[in-house]
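Trainee: Residues in the sequence shown are numbered from 32 upward in steps of one, following my numbering. Quick one: the structure is below, questions incoming.
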Amino acid sequence: MVRRMIAGLGAGAFLALALPAVAQAQMMGKAPEGREATLSGTVIDLSCKFRHGLAGAEHRMCAQVCADKGVPLAILTDDGKLYVPVSAGMPGGNESERLKEFAEQKVTVKGKVFDAGGAKAIEIASVSKRY
Numbered sequence: 032m033v034r035r036m037i038a039g040l041g042a043g044a045f046l047a048l049a050l051p052a053v054a055q056a057q058m059m060g061k062a063p064e065g066r067e068a069t070l071s072g073t074v075i076d077l078s079c080k081f082r083h084g085l086a087g088a089e090h091r092m093c094a095q096v097c098a099d100k101g102v103p104l105a106i107l108t109d110d111g112k113l114y115v116p117v118s119a120g121m122p123g124g125n126e127s128e129r130l131k132e133f134a135e136q137k138v139t140v141k142g143k144v145f146d147a148g149g150a151k152a153i154e155i156a157s158v159s160k161r162y
């Protein structure tokens with residue numbers, strides 16, 4: 032009786048640990064396909080831009096401090112589209128760190144873009160300041 036209970040608990044623990052990995056593998060199979068693109072726009076601080084209307088060169092230092100505090104940065108393209116940076120790896124990294132030095136500056140970003148759930152994202156290959 033005790034052996035059956037221990038075996039049952041062991042099987043339950045195994046399933047509890049294995050099922051999330053199986054679910055993740057299944058979800059990865061449904062990933063949207065991206066396409067290579069080059070974007071031209073401005074790196075913005077999402078919180079200050081949308082909540083407080085702050086933007087521009089005078090807001091650059093604030094945007095960098097916000098990024099250090101975990102506020103996400105994004106690319107607002109010249110034609111008004113918003114792209115959120117995403118990581119290729121799982122778990123994802125802090126992509127705002129790559130954009131921080133370009134906060135509130137015009138940039139050219141190359142990478143793979145994705146459209147999902149009404150949002151746009153970019154897996155950044157390179158970013159450079161536009162002069």
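Idealized CB from N, CA, C, for every residue including glycine.
Is DSSP giving A119 helix, strand or coil here?
Mentor: Within the sequence shown, numbered from 1, the residue matching residue 119 stands at position 88. A119 carries a coil assignment under DSSP once its states are collapsed to helix, strand and coil.
Trainee: In the DSSP assignment, find the unbroken beta strand (DSSP E) run with D110 in it and report its ends.
Mentor: What you label residue 110 is simply residue 79 of the sequence shown in a count that begins at 1. Here D110 belongs to no beta strand (DSSP E), and DSSP marks it neither H nor E.
Trainee: So, at 6 angstroms on beta carbons, what are the nonlocal neighbours of A72 in its own chain, with the 5 sequence-adjacent residues on each side left out?
Mentor: Taking the first residue of the sequence shown as position 1, residue 72 is located at position 41. For the sequence presented, residue 72 should be read as Gly rather than Ala. Result list for G72: I106, L107, T108, D109, in chain order.
Trainee: Output the distance between the C-alpha atoms of A119 and A152, rounded to the nearest integer angstrom.
Mentor: Within the sequence shown, the letter at position 88 stands for residue 119. Within the sequence shown, the letter at position 121 stands for residue 152. Roughly 11 angstroms between the two C-alpha positions.
Trainee: Compute the Euclidean distance between the alpha carbons of H90 and E128, then round it to the nearest angstrom.
Mentor: As a working note, residue 90 is residue 59 in the sequence shown. As a working note, residue 128 is residue 97 in the sequence shown. C-alpha separation (whole angstroms): 17 angstroms.
Trainee: Would you call the CB atoms of A68 and E135 closer than 8 angstroms?
Mentor: Along the sequence shown, one-based indexing puts residue 68 at 37. Along the sequence shown, one-based indexing puts residue 135 at 104. No, these two residues do not count as a Cβ contact at 8 angstroms.
Trainee: Short check: CB of F133 to CB of G65, under 8 angstroms?
Mentor: Taking the first residue of the sequence shown as 1, we reach residue 133 at position 102. Taking the first residue of the sequence shown as 1, we reach residue 65 at position 34. The answer is no: Cβ separation not under 8 angstroms.
Trainee: In three-state terms, what does DSSP make of A156?
Mentor: In the sequence shown, counting from the first residue as 1, residue 156 sits at position 125. Residue state, collapsed to three classes: strand.
Trainee: Apart from the five residues just before and just after C93, which ones in its own chain have a Cβ nearer than 8 angstroms to its Cβ?
Mentor: Start at 1 with the first residue of the sequence shown, and residue 93 comes out as number 62. Cβ within range, chain order: D76, C79, L85.
Trainee: Quick check: what's the CA-CA separation for K131 versus K61?
Mentor: As a first step, residue 131 must be located in the sequence shown, where it is residue number 100. As a first step, residue 61 must be located in the sequence shown, where it is residue number 30. Roughly 31 angstroms separates the two Cα atoms.
Trainee: Check for me: the beta strand (DSSP E) holding L85 runs from which residue to which?
Mentor: For the purposes of this step, residue 85 is taken as the residue at position 54 of the sequence shown. No beta strand (DSSP E) contains L85, which DSSP labels as neither H nor E.
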